Amino acid sequence: MGSVDFERNRIYSRRQDIHDHFGGQQQGGICTPAGARVIFAFTGAVGQQHGYTDYWTDDGVFCYFGEGQTGDMTFRAGNKAIRDHAANGKDLLVFQMLGRGRVKYLGQFMCESWEYKPTPDRADAMRQAIVFHLVPQLEQQPPEPAQPLAPMDLASLRSKALAAGASAPNRSAKETRHSYHERSETVRAYVLQRANGVCESCGQSAPFCKPDGTPFLEAHHIRRLTDGGPDDIHFMGGVCPNCHRAMHYGADREALNAELQRAVDTKEAGLNAALASPK
Ligand SMILES: [Zn+2]
Ligand SMILES: [Zn+2]
């Protein structure tokens, strides 16, 4: 939280606006500043010199090449950081390099899956490149699903949400777009069911009910300034609309988010223990 406040499509100085604040590698495509809850991925220029280009599919999935200039790419360093960003509670911010140190912010993305693609390396030898399937995150709360998920008990919904949490290998970019929405709904439904009508921040009952009689709470991504899109159940809270606004816009939002994270940690640890040891 805090100083991550980039505006989509605005142009920034890579050094002043990113590295001076967050640290991290000043060269190369993937920047993983130590201790920060954020990963920066840069697209453009670098890859093109090596004979490949990141691209968008018709379904709105951004195919982003991993790092590694020669030989097969492996899941270490930046590649590992991107694959595991959601599980590690890190936001993935993508910037387009415009030259002379200027970068354009493309927004926050979710790494949904990845595949290997035979691609020439720097020496023009064919090798396996890792291509990440990145889906842009929505800026709004997603609309209520037209077809709500079938009712499920908390334990089943939790295992479904946990299974949905890992980024899956070797899925096509087309499948990725679909799974993104399904996953998003599962994780969100779970978080709201976990809250069970009581705000996970202030501990008060939901202020009103929806027309179907269920209590109104919202799913909040604890480490993100904008909501929407799937994340991990460990980094989301079900909160009342009042607390939700405060989490985003309040003067004490950092403290509120930190407190909510602790509450969620405690709750999830409890559920883990309860569900792991059947009575
Ligand atoms: Zn509340
Ligand atoms: Zn939120």
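Start counting the sequence shown at 57; every next residue gets the next number (this note's numbering). Note that beta-carbon positions come from the ideal geometry of N, C-alpha and C, so glycine has one too. This one's a predicted model, so the numbers in the text were calculated from it and none came from an experiment.
In this structure, V117 is the residue among R158, D147, V117, E123 with its C-alpha nearest to the C-alpha of S169.
Runs of beta strand (DSSP E) with 3 or more residues, each lying fully within the region 257-333, are found at 274-277, 292-295, listed in chain order.
By a beta-carbon distance limit of 8 Å, G134 does not contact R71. Their separation comes to about 18 Å. For a cut-off of 8 Å, the C-beta gap from A97 to I138 is around 7 Å, short enough to register as a contact.
D76 sits in a helix when the DSSP states are folded into three classes.
Scanning E274, A181, S69 for the CA closest to the CA of M153 turns up S69. For A185, the enclosing beta strand (DSSP E) stretches over residues 182-192. Between R309 and A302, the C-beta spacing is below 8 Å. Bridge pairing for M153: V159 [DSSP]. Proximity to ligand 1 was defined by a C-beta distance below 7 Å to any of its heavy atoms, and the residues meeting it, in sequence along the chain, are C255, S257, C258, Q260, V295, C296, N298, C299.
Looking at C119, D128, Q249, Y236, the one whose alpha-carbon comes closest to that of V187 is C119.
Nearest Cα to Q260 within the set K266, P267, N252: N252.
Here A262 is buried, its C-beta having at least 16 other C-beta atoms within 10 Å. Cβ-Cβ distances below 8 Å link L312 to S257, C299, A302, M303, G306 in the same chain, with the five nearest sequence neighbours on each side left out; the list follows chain order.
DSSP, read as helix, strand or coil, puts Y108 in coil. The continuous stretches of alpha helix (DSSP H) do not include A97, which lies in the beta strand (DSSP E) extending over residues 94-99. Under the three-state reduction of DSSP output, E238 falls in the helix class. When secondary structure is reduced to three states using DSSP, V243 falls in the helix class.
Look at Q83 here: in three-state DSSP terms it is coil, with no helix or strand label.
I95 is not a Cβ neighbour of E123, given a cutoff of 8 Å. Annotated three-state conformation of K216 is helix, per DSSP.
K173 carries a strand assignment under DSSP once its states are collapsed to helix, strand and coil.
Assigned with DSSP and collapsed to three states, Q249 falls in helix. With contacts defined by Cβ atoms closer than 8 Å, R64 and D147 do not form a contacting pair. According to the DSSP assignment, G127 belongs to no alpha helix (DSSP H), since it is labelled neither H nor E.
A residue is called buried when at least 16 other Cβ atoms come within 10 angstroms of its Cβ; D110 meets this threshold and is buried. M292 is a Cβ neighbour of V243, given a cutoff of 8 Å.
The beta carbon of Q317 is closer than 7 Å to those of I278 in its chain, skipping five residues each way along the sequence.
A211 sits away from I289, with the two beta carbons spaced by 8 Å or more. The C-beta distance from A185 to F264 rounds to 51 Å, too long to fall under 8 Å, and the pair is not in contact.
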